[in-house]
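Residue numbers (this note's numbering): 34 to 465.
Below you'll find the structure, written out as structure tokens, and then a few comments.
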């Protein structure tokens, strides 16, 4: 994580201080469950608990330089602080009981923060969809004019994608809300299933169904995948903004704030820097997906090849996605849309977009589809080459007039007819 792309709440969440507090939360939860089972003297956890907020990350890291084992360093420091009662911590447990359960706590918190942000993005997008529900725009395929849409419908497609991302992230959150307090290889040799169940429940976690020495990493991979798909959805929206802002398109642009500068050399520049930044950051989030998948295949009951990956990728991916969600919400809320330019571009080709309607009308009159295609295309190509306006060329084509009247041709150029169902699609998206 670097400060430029790390929201403050994620900086705190993934700090060393917060990590060690999460470790202590797991140890205390397990200790209380063991007290109830009679394995640990009553009141032990209450004697240790006051020292949770006095943990010194620098001291733990100093001890680790000698022990070369982070959990042993943590437990050593806990005994320094709490004295004799701390000797009952970690009874029958292994390091991964602490590490994986604590990581689950941090991941659940990260997921909740991401979901809150995603809700604000969807709320902002919903408002812009309603604003431009009926604003005509040119739909494009391959970057080329296709048939009319509305700007609200375009935004609705992005809304639907992000909403699916929200569903995936909520599912992934449930998958990773899992810990283990099952001992060295998950057999509860010095523990019980009830101790684990009670301890984890107090932390808001569930037991892993069949842990080895670790919680299975397919859960974490699902979390990385869910984040990667949300990042990709943000990139797709950002890519569209960048295209809309191109000088020769000019249909929408990022808000250019007072005092903002676009170029160190060219004072006239207004660049889509926010959405370019989002496209770049999406690569960072997606970069965690493959390592997350590769972390699944650990040796036997456990190795630590996953550990270094997660220490880097989990904070980076979650914090970067949080930053992206904050930024894209602002882009959406402040996006400057130019309805007149949208209409101007829609009309740019003289309504060549009506070609499919004319094709289907000819087919409806009994003409073979391929023959009809040839008739429409030859007039469309003339219009492309500047030999006339598409509608008038069709009306002057004897082969077309043999099947369609001028009025029937004219009917295919009705913009309201072309957009008749867009409102229903938007309602379906927002209603979902």
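For every residue, glycine included, the Cβ atom is placed at its ideal position computed from N, Cα and C.
No experiment lies behind these values; they were computed from the predicted model shown.
Beta-carbon proximity of residue i to residue j, cut-off 8 Å
i, j, result
"residue 140", "residue 379", "no"
"residue 111", "residue 119", "yes"
"residue 70", "residue 225", "yes"
"residue 315", "residue 40", "no"
"residue 232", "residue 63", "yes"
"residue 335", "residue 129", "yes"
"residue 286", "residue 369", "yes"
"residue 398", "residue 437", "yes"
"residue 261", "residue 344", "no"
"residue 313", "residue 302", "no"
"residue 254", "residue 176", "no"
"residue 247", "residue 133", "yes"
"residue 321", "residue 147", "no"
"residue 153", "residue 166", "no"
"residue 56", "residue 137", "no"
"residue 388", "residue 413", "yes"
"residue 161", "residue 188", "yes"
CA nearest to the CA of residue i, picked from the options
i, options, result
"residue 464", "342, 159 and 413", "159"
"residue 305", "262, 348, 260 and 365", "365"
"residue 329", "340, 143 and 193", "340"
"residue 461", "186, 277, 418 and 245", "186"
"residue 444", "393, 454 and 457", "393"
"residue 202", "143, 419 and 369", "143"
"residue 58", "177, 235, 436 and 321", "235"
"residue 309", "65, 441, 153 and 279", "279"
"residue 441", "42, 390 and 50", "390"
"residue 86", "97, 67, 72 and 61", "61"
"residue 395", "36, 154 and 407", "407"
"residue 409", "426, 418, 419 and 356", "426"
"residue 116", "94, 78 and 189", "78"
"residue 244", "146, 214 and 173", "214"
"residue 372", "446, 321, 34 and 277", "277"
"residue 52", "89, 72 and 166", "89"
"residue 459", "271, 331, 374 and 193", "193"
"residue 178", "421, 377, 97 and 403", "377"
"residue 95", "122, 131 and 49", "49"
"residue 42", "223, 145 and 453", "145"
"residue 221", "67, 453, 332 and 98", "67"
"residue 323", "333, 332, 337 and 342", "342"
"residue 332", "249, 297, 317 and 272", "249"
"residue 273", "418, 164, 400 and 174", "174"
For residue i: DSSP bridge partner residues
i, result
"residue 178", "173"
"residue 369", "286"
"residue 212", "240"
"residue 353", "Answer is none; residue 353 lacks a bridge partner."
"residue 183", "169"
Backbone CA spacing between residue i and residue j [nearest angstrom]
i, j, result
"residue 209", "residue 288", "38 Å"
"residue 114", "residue 84", "7 Å"
"residue 168", "residue 54", "52 Å"
"residue 219", "residue 275", "51 Å"
"residue 435", "residue 411", "16 Å"
"residue 456", "residue 195", "19 Å"
"residue 150", "residue 358", "6 Å"
"residue 228", "residue 91", "32 Å"
"residue 451", "residue 283", "23 Å"
"residue 347", "residue 80", "33 Å"
"residue 265", "residue 258", "10 Å"
"residue 211", "residue 239", "5 Å"
"residue 37", "residue 101", "32 Å"
"residue 431", "residue 439", "11 Å"
"residue 360", "residue 291", "18 Å"
"residue 93", "residue 99", "10 Å"
"residue 338", "residue 242", "22 Å"
"residue 299", "residue 293", "13 Å"
"residue 131", "residue 156", "38 Å"
"residue 424", "residue 403", "20 Å"
"residue 454", "residue 433", "28 Å"
Cβ separation of residue i and residue j, assumed to be a contact under 8 Å, to the nearest whole Å
i, j, result
"residue 198", "residue 125", "Wrong, their Cβ atoms sit about 41 Å apart, outside the cutoff."
"residue 383", "residue 416", "6 Å"
"residue 307", "residue 267", "Contact doesn't hold; Cβ gap of about 11 Å is too wide."
"residue 386", "residue 180", "5 Å"
"residue 349", "residue 34", "6 Å"
"residue 191", "residue 270", "5 Å"
Residue i beta carbon near the ligand ATP (any heavy atom closer than 7 Å)
i, result
"residue 417", "Questions concerning the ligand ATP fall outside what the structure shown contains, since it holds no ligand whatsoever."
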